[in-house]
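Residue numbers (this note's numbering), protein chains in the order written: chain A, 59 to 157; chain B, 11 to 487.
We put the beta carbon where it would ideally sit given N, CA and C, even for glycine.
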Amino acid sequence: MSDEELTPEAVARLAKLARLSVPQAELETMARELRKIIGYVKALQEVDTRGVEPTAHVLIPGLPLRPDEAAPGVERGEALAQAARHDGEGFRVPGFVEG
Amino acid sequence: MTAYEAVIGLEVHAQLLTSSKLFCPCPTSFGAPPNTHVCPVCLGLPGALPVLNRRAVELATRAALALRLTVHPTSIFARKNYFYPDLPKGYQISQFDRPLATEGSLAFELEGGEVRSVGIQRIHMEEDAGKNIHGQGGDSIVDLNRAGTPLVEIVSAPELRSGAEAAAYLKTLRDLLLFLGVNDGNLEEGSFRCDANVSIRPRGAQRLGTRCEIKNVNSFRFVQKAIEFEILRQEQVLASGGTILQETRGWNERDGRTFSLRSKEEAEDYRYFPDPDLPPLRLEPAAIEAAAASLPELPEPKRERYHRSLGLTPYAAGVLTAHPRTAAFFEEALALFQGDANKVANFLLSEVLAGASFRGIDATFPVSPAQLAGLLRLVEDGAISGKQAKEVYAALQHTDASPAQIVRDKGMEVLRDEASIEALCRRILDANQRQVDAYRAGKTALLGFFVGAVMKETKGSASPALVNAILTRLLTA
Chain A
59 MSDEELTPEA VARLAKLARL SVPQAELETM ARELRKIIGY VKALQEVDTR
109 GVEPTAHVLI PGLPLRPDEA APGVERGEAL AQAARHDGEG FRVPGFVEG
Chain B
11 MTAYEAVIGL EVHAQLLTSS KLFCPCPTSF GAPPNTHVCP VCLGLPGALP
61 VLNRRAVELA TRAALALRLT VHPTSIFARK NYFYPDLPKG YQISQFDRPL
111 ATEGSLAFEL EGGEVRSVGI QRIHMEEDAG KNIHGQGGDS IVDLNRAGTP
161 LVEIVSAPEL RSGAEAAAYL KTLRDLLLFL GVNDGNLEEG SFRCDANVSI
211 RPRGAQRLGT RCEIKNVNSF RFVQKAIEFE ILRQEQVLAS GGTILQETRG
261 WNERDGRTFS LRSKEEAEDY RYFPDPDLPP LRLEPAAIEA AAASLPELPE
311 PKRERYHRSL GLTPYAAGVL TAHPRTAAFF EEALALFQGD ANKVANFLLS
361 EVLAGASFRG IDATFPVSPA QLAGLLRLVE DGAISGKQAK EVYAALQHTD
411 ASPAQIVRDK GMEVLRDEAS IEALCRRILD ANQRQVDAYR AGKTALLGFF
461 VGAVMKETKG SASPALVNAI LTRLLTA
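Following this line, the structure appears as structure tokens:
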């Protein structure tokens, strides 16, 4: 995204996608601040990286794999205890339609 | 013929047949009590790190190779970000711009024998989401057992033209994955799911029309009906001067109609980016070649071989290759029997399959291949008649007994004593002098009548070949 595009409208859209609530009055400020940050990173874009494989990780050359062996995870009670609401069997969330 | 042609592309999500999830060791078995197959990784707890399942990579690679895709030495896992209650991390780990494999094809046969080939655009690996188990006072209850289950997404080119083509493509793909041992082909349990993208355009036009996506239809027949309905619906909208809205639609089986689930006016923005927890997946070209070399025989070539080399009818070849366990049963029995493939196939089709049951990739048969081969061998050697074979078969089912043992226990050995059969034959001929004269006057078809009479007299226990030979000799003497 170029900084010209980072309008208050674009910030509002990003906020919506990220489920963040940003008051209308702050959109302009936030857009300005984000443009600054992105502008800083943008300096990197001046480096010509054509034909250079992106660095995914500096320590690991490839993805480690594990054998396909099943093992128990955590007890249901412990898993459910991490949630704000549950019914002893499943996580309780505001109603949604599957699909 | 209408003025429009349909353009259909299918996205299939097939669960890989692993024991554990894609990025954690939680079991993938179906039907466990809710939230008992979960751990910090698939619950999306902070600090938990994904570690990729080697077997899932092998199975996805196998599927890609069988569908003639190019498997890439480097592929990348990305985060697909969206918020949904069944997605605990707030993103799904998938592959995006660097998928496992691209550009392949699948040939399939339509009813009537016409063969079509459709492009496969890509195959990538991804994790499944959890599911909604039931509502409760306006809330939904989420089960995360399925979250993190390994899937391959198989995306066809938009080259299908009708509901029937789509159904034939899906059936062929399902059979292929089943024979590869990649997927259990179980639509009801959701381990093979299909989304269909349907649009129409004026016949001959290049530009694609606005498409609707039909989600999660769980049978081949319904996919066909849903697509057929959707094509008609879109034609009617355009004919009445309307425009097609890009939307996601569901299938209502009872009404036989698709219905709008949600509009897609705002193109989805998943803000994909490479998952920093997962460096690129590297596959050695030698390993890819080895996987290609070790692919099992696929259903289509197998069917062809049963028909051309073994001499089975196309029908028998089709039935025997409908499930990998049936084909394996047939091949094992044939190898042990070492005789005419048609005899094995006929007995399997007429008797054994009637008592077989199938569930996903598993199958149970009432007898073992060795028992069937032993039984057919007894008939072949003339120890029992074909009629007796059915009786022995009935006694064999769900036992470890050998066919020879049952024959001995039942005292069923074929009457092969030539002298007593000849005496019986003479008796039958004497009692039917009129038919004997007619036979000798040229009505040789009456041989069957005499054979039948002898067999009846011996309750089917005489060797038919022997009876035939003796009667012919006596009648022409």
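CA nearest to the CA of residue i, picked from the options
{"i": "E86 of chain A", "options": "A:A68, A:R143, A:Q140, A:A76", "result": "A:A68"}
{"i": "Q443 of chain B", "options": "B:A303, B:L456, B:I431", "result": "B:L456"}
{"i": "E310 of chain B", "options": "B:I133, B:A76, B:T112", "result": "B:A76"}
{"i": "A432 of chain B", "options": "B:A451, B:S473, B:Q415", "result": "The question names Ala, yet the displayed sequence has Glu at residue 432 of chain B. Out of B:A451, B:S473, B:Q415, B:S473 has the C-alpha closest to the C-alpha of E432 of chain B."}
{"i": "L2 of chain B", "options": "B:G19, B:G365, B:L358", "result": "With chain B covering only 11 through 487, there is no way to say anything about residue 2 of chain B."}
{"i": "E147 of chain A", "options": "B:R132, B:G145, B:H134", "result": "B:G145"}
{"i": "V61 of chain B", "options": "B:T409, B:G158, B:A111", "result": "B:G158"}
{"i": "R72 of chain B", "options": "B:R450, B:L305, B:A475", "result": "B:L305"}
{"i": "G260 of chain B", "options": "B:D287, B:G252, B:V227", "result": "B:V227"}
{"i": "F87 of chain B", "options": "B:A58, B:H134, B:P50", "result": "B:H134"}
{"i": "D107 of chain B", "options": "B:T331, B:A117, B:H82", "result": "B:H82"}
{"i": "D205 of chain B", "options": "B:R213, B:L190, B:I237", "result": "B:I237"}
{"i": "R211 of chain B", "options": "B:V247, B:A429, B:P98, B:Q234", "result": "B:V247"}
{"i": "E21 of chain B", "options": "B:E223, B:D285, B:A300", "result": "B:E223"}
{"i": "A117 of chain B", "options": "B:T84, B:L97, B:K181", "result": "B:K181"}
{"i": "T268 of chain B", "options": "B:P286, B:L291, B:K235", "result": "B:K235"}
{"i": "K99 of chain B", "options": "B:L439, B:G148, B:C49", "result": "B:C49"}
Inter-residue spacing [alpha-carbon to alpha-carbon] between residue i and residue j
{"i": "V152 of chain B", "j": "E111 of chain A", "result": "40 Å"}
{"i": "A24 of chain B", "j": "R93 of chain A", "result": "42 Å"}
{"i": "D194 of chain B", "j": "G54 of chain B", "result": "27 Å"}
{"i": "V162 of chain B", "j": "S412 of chain B", "result": "44 Å"}
{"i": "D391 of chain B", "j": "Q348 of chain B", "result": "12 Å"}
{"i": "R64 of chain B", "j": "F340 of chain B", "result": "32 Å"}
{"i": "L183 of chain B", "j": "G251 of chain B", "result": "38 Å"}
{"i": "Y373 of chain B", "j": "H408 of chain B", "result": "According to the sequence shown, residue 373 of chain B is Ala rather than Tyr. The straight-line gap from Cα to Cα measures roughly 14 Å."}
{"i": "I254 of chain B", "j": "E240 of chain B", "result": "11 Å"}
{"i": "E169 of chain B", "j": "A297 of chain B", "result": "32 Å"}
{"i": "D410 of chain B", "j": "P376 of chain B", "result": "11 Å"}
{"i": "I480 of chain B", "j": "V461 of chain B", "result": "10 Å"}
{"i": "N478 of chain B", "j": "H317 of chain B", "result": "32 Å"}
{"i": "G114 of chain B", "j": "A337 of chain B", "result": "26 Å"}
{"i": "D419 of chain B", "j": "K469 of chain B", "result": "17 Å"}
{"i": "L117 of chain A", "j": "V51 of chain B", "result": "22 Å"}
{"i": "P379 of chain B", "j": "A302 of chain B", "result": "29 Å"}
{"i": "S367 of chain B", "j": "R335 of chain B", "result": "11 Å"}
Residue i in three-state terms, based on DSSP
{"i": "G157 of chain A", "result": "With a pLDDT of only 46 at G157 of chain A, under the threshold of 50, the placement of this residue in the model should not be trusted, and no figure is reported."}
{"i": "I254 of chain B", "result": "coil"}
{"i": "Q140 of chain A", "result": "coil"}
{"i": "P284 of chain B", "result": "strand"}
{"i": "L110 of chain B", "result": "coil"}
{"i": "S395 of chain B", "result": "coil"}
{"i": "T71 of chain B", "result": "helix"}
{"i": "C204 of chain B", "result": "strand"}
{"i": "V22 of chain B", "result": "strand"}
{"i": "H144 of chain B", "result": "strand"}
{"i": "Y403 of chain B", "result": "helix"}
{"i": "G384 of chain B", "result": "helix"}
{"i": "K225 of chain B", "result": "strand"}
{"i": "Q105 of chain B", "result": "strand"}
{"i": "M88 of chain A", "result": "helix"}
{"i": "G129 of chain B", "result": "strand"}
{"i": "I86 of chain B", "result": "coil"}
{"i": "Y179 of chain B", "result": "helix"}
{"i": "S60 of chain A", "result": "Because the pLDDT of S60 of chain A is 47, which lies under 50, any placement of that residue in the model is unreliable, and the question is left without a value."}
{"i": "N356 of chain B", "result": "helix"}
{"i": "F189 of chain B", "result": "helix"}
{"i": "A345 of chain B", "result": "helix"}
Whole-angstrom C-beta distance between residue j and residue i, which should lie under 8 Å
{"i": "E15 of chain B", "j": "R221 of chain B", "result": "About 14 Å; that fails the 8 Å criterion."}
{"i": "E175 of chain B", "j": "R126 of chain B", "result": "6 Å"}
{"i": "A66 of chain B", "j": "L26 of chain B", "result": "5 Å"}
{"i": "Q381 of chain B", "j": "L406 of chain B", "result": "5 Å"}
{"i": "Y403 of chain B", "j": "E361 of chain B", "result": "6 Å"}
{"i": "G140 of chain B", "j": "L154 of chain B", "result": "4 Å"}
{"i": "E127 of chain A", "j": "S166 of chain B", "result": "Rounded, the Cβ-Cβ distance is 34 Å, inconsistent with contact."}
{"i": "K312 of chain B", "j": "T331 of chain B", "result": "5 Å"}
Residue i: CB within 7 Å of a non-hydrogen atom of the ligand MN
{"i": "R483 of chain B", "result": "Questions concerning the ligand MN fall outside what the structure shown contains, since it holds no ligand whatsoever."}
Q) What residues from the stretch 102-123 of chain A come within 7 Å of chain B, judged by C-beta to C-beta, listed N to C? A) A114, H115, I118, G120, L121, P122, L123
Q) Between the stretch 125-136 of chain A and chain B, which residues of the former have CB atoms less than 7 Å from a CB of the latter, in chain order? A) P125, D126, E127, A128, A129, G131, V132, R134
Q: Report the residues of the stretch 255-277 of chain B with a CB closer than 8 Å to any CB of chain A, ordered along the chain.
A: T258, G260, L271
**Q.** Under 7 Å (Cβ pairs) to chain A, residues found in the stretch 287-305 of chain B
**A.** L288, P289, P290, L291, R292
**Q.** Interface positions of the stretch 183-204 of chain B facing chain A (Cβ-Cβ less than 7 Å), listed along the chain
**A.** none
Q.
Against chain B, which members of the stretch 138-156 of chain A pass a CB distance test of less than 7 Å?
A. L138, Q140, D145, E147, G148, F149, R150, V151, P152, G153, F154, E156
Q: Closer than 9 Å, Cβ to Cβ, to anything on chain B: give me those residues from the stretch 75-97 of chain A, in chain order.
A: L75, A76, R77
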